[in-house]
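Below is one structure; the comments refer to it alone.
Residue numbers (my numbering): 3 to 123.
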């Protein structure tokens, strides 16, 4: 898996949600914004897996996170090379009540694609 480490405040700024009070706490940001957006990104792009974990805390608050991601082509290449046997992606049920900020979701997609190509700051 590839990854990018970024400060939580910088990530919120890049996504354009730093002023949204609903996402001021990290647990709300991860649950209400990030996890919901990931489902949409996985459906619409070549990403097969995207995860976020806290890598640094300051005063018991999340300060820095690692966003790890994997592409569909990566797994296929590893299977063909004999490194992975019988790996299958599980289907996730669709959540009909998903409410998300479409613009912020699109910005997240763009930033992840830029990270993939090494064009992000």
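Backbone N, C-alpha and C fix where the C-beta goes; we use that ideal spot for every residue, glycine too.
Item	Value
Using the C-alpha atoms, what's the distance from residue 61 back to residue 115?	32 Å
Between residue 65 and residue 43, what straight-line distance do the alpha-carbon atoms span, to the nearest angstrom?	24 Å
At which residue ranges does the segment 12–56 contain complete alpha helix (DSSP H) runs of 4 or more residues, listed in the order of the chain?	37–46
Cα-Cα, which of 41, 111, 118 is closest to residue 18?	111
For residue 101, which residues from the same chain have a beta carbon less than 7 Å from its beta carbon, with the 5 sequence-adjacent residues on both sides left out?	The predicted position of residue 101 is uncertain, since its pLDDT is 46 and thus under 50; no value can be drawn from it.
Give me the Cα-Cα distance between residue 52 and residue 70, rounded to the nearest whole angstrom.	6 Å
Run through the DSSP bridge pairs and tell me what residue 69 is partnered with.	6, 54
At the level of alpha carbons, what is the spacing between residue 23 and residue 46?	28 Å
Kindly list the residues whose CB is nearer than 6 Å to the CB of residue 139, restricted to its own chain and excluding five residues on each side of it in sequence; keep chain order.	Shown here, the chain extends from 3 to 123; a query on residue 139 therefore has no answer.
Using C-beta distances below 8 Å, list every residue in its chain close to residue 55, excluding the 5 sequence neighbours before and after it, in chain order.	67, 68, 70
Can you tell me whether residue 4 is buried or exposed, with buried defined as 16 or more other CB within 10 angstroms of its CB?	exposed
Whose C-beta lies closer than 8 Å to the C-beta of residue 34 among residues of the same chain, with five residues either side of it excluded?	24, 25
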